[in-house]
Amino acid sequence: MTDNKQQLLSLFEQDDWVEPITDCYDLYPHIAACDLYIGAAGGVLYQLLALKKPAVTFSLSANQQTDISALEGIGHYFHCDTDMELAQLAKLVQTIEANYDRVTALLDINTIAIDGMGASRVAEVMTHGCSKPLETYTKPYSQQHQYERLNDNYRVRAVVDSDINHYLDSRNLAANAKNMIATTAIPRLGHYHWWFTSSRDSFALEHNEQISLYIWHQVYQLDAGHLAHLLQRQFLIGGWFVTEQSTSFQDAMLALNWQLEHCDKHHPDTPWIAVIHKKNNYVKLMNDYLGFEDVPLTHEYHDVIGTFFAGASSDDFHYVMRQPQSRRQD
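Per the numbering used here, the sequence shown starts with residue 165, numbered consecutively.
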């Protein structure tokens, strides 16, 4: 027994809620009994998926680093190749427990079923020289979405939990991050926690059935007592980001037009507030065209914007607003 192993076991001697598993060469009984696996990605992942057990995995070596979209193809959505963020792990476990039905539902969103029959298929190839085609063991992507069609080539849908990684990877693109208040990449574990606790309404714009950009909005309520002189206490904030560098101007205009019409219908008494980086002339022109106005230092909403977007200095960002539908003369 190594010194490190003994030190680790000693840490948990007095903890009834920790049961170290030692000298075990078959984890199957433990996996079958667990509700959530946290550990290194490897062959155990296939046992977990066959048993429909959710997992948070990480890579210990280069050969365990796998493209997240490939893991999603077998129903695994929670994996970190780098930056495991151990400080975020306990919070994520609590979040998974609170949203367990949503998390386990992701196990069924796959294109290749893990069914424990791999050894039989290998034996079939070895004894008969052939096997059934791969298509026999795959299934078409069957997740049903509710779309709103904008024209022949574009449609909008609400995001779903299977978008969790693509949403993050898109947000972290350099083309998006450079225009945001927080320009650093968002780590994966923190994003997983946020995804299941956020009250943001997010949507995907699809061009020819491929996601072109994500767009979101949220109604924020001023805290009681803060800026108490203001009668208006609720405000809409929102944003959008592309999924690839080459997303066109037309895509952004379509998405923004749709979003504003959607919010005019569902939040007719709520004004929009926003910040736009002063180097982002492209977005500033679009927002001017869509009815947003600059908010001067003397306007009562200036302090509201400074509160909601605390990291956005008016030296670097335009402060803008759009009147609610009920107060606007179109």
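Note that CB positions come from ideal geometry on N, CA and C, so glycine has one too.
By the C-beta criterion, the segment 448–457 is judged to be in contact with the segment 473–485, since at least 3 inter-stretch pairs fall below 8 Å. The beta carbons of Tyr241 and Ile328 sit about 6 Å from each other, so the pair counts as a contact at 8 Å. Judged by DSSP secondary structure, Met344 falls outside any beta strand (DSSP E); it is assigned neither H nor E. Take the alpha-carbon of His292 and the one of Val286: they are about 10 Å apart. If only complete runs of 3 or more residues are kept, the segment 387–468 shows the beta strand (DSSP E) at 398–406, 436–441, in order along the chain. Between the alpha carbons of Ile202 and His393 lies a gap of roughly 49 Å. At the C-beta level, Arg319 and Glu370 come within 8 Å of one another.
Here the segment 276–284 makes contact with the segment 206–219; the two share three or more CB pairs at distances below 8 Å. Distance check between Asp333 and each of Glu373, Asp316, Arg352 places Arg352 closest, using alpha-carbon atoms only.
The C-beta distance from Phe222 to Cys188 rounds to 20 Å, too long to meet the 8 Å contact threshold. Rounded to whole angstroms, Ala197 and Ser174 show a C-alpha spacing of 25 Å.
Looking at the DSSP output, Glu312 bridges to Val320. Scanning Ile469, Asp190, Ala269, Ser478 for the CA closest to the CA of Ala219 turns up Ala269.
If you ignore the 5 residues before and after Leu314, its C-beta comes within less than 7 Å of the C-beta of Val320, Leu418, Trp422, all in its own chain and listed in chain order. The beta carbon of His431 lies closer than 7 Å to those of Val383, Leu400 in the same chain, with the five residues before and after it left out. In the displayed model, Arg266 falls within a helix according to three-state DSSP. Under DSSP, Glu288 shares a beta bridge with no residue. When the alpha-carbon of Lys448 is set against those of Ser362, Asp480, Lys429, the nearest one is in Asp480.
Among the bridge pairs identified by DSSP, Thr221 is matched with Gly203, His243.
Under the three-state reduction of DSSP, Ala277 is assigned to coil, being neither helix nor strand.
A direct Cα-Cα distance of roughly 20 Å separates Arg492 from Val468. Classified as buried, Phe367 has 16 or more neighbouring CB atoms from the shown chains inside 10 Å of its CB. Between the alpha carbons of Gly239 and Val289 lies a distance of about 26 Å.
Comparing alpha-carbon positions, the option among Ala349, Arg364, Glu373 lying closest to Gln310 turns out to be Glu373. At least 8 Å separates the beta-carbon of His355 from that of Thr259.
Per DSSP, the unbroken alpha helix (DSSP H) holding Phe360 starts and ends at 352–361.
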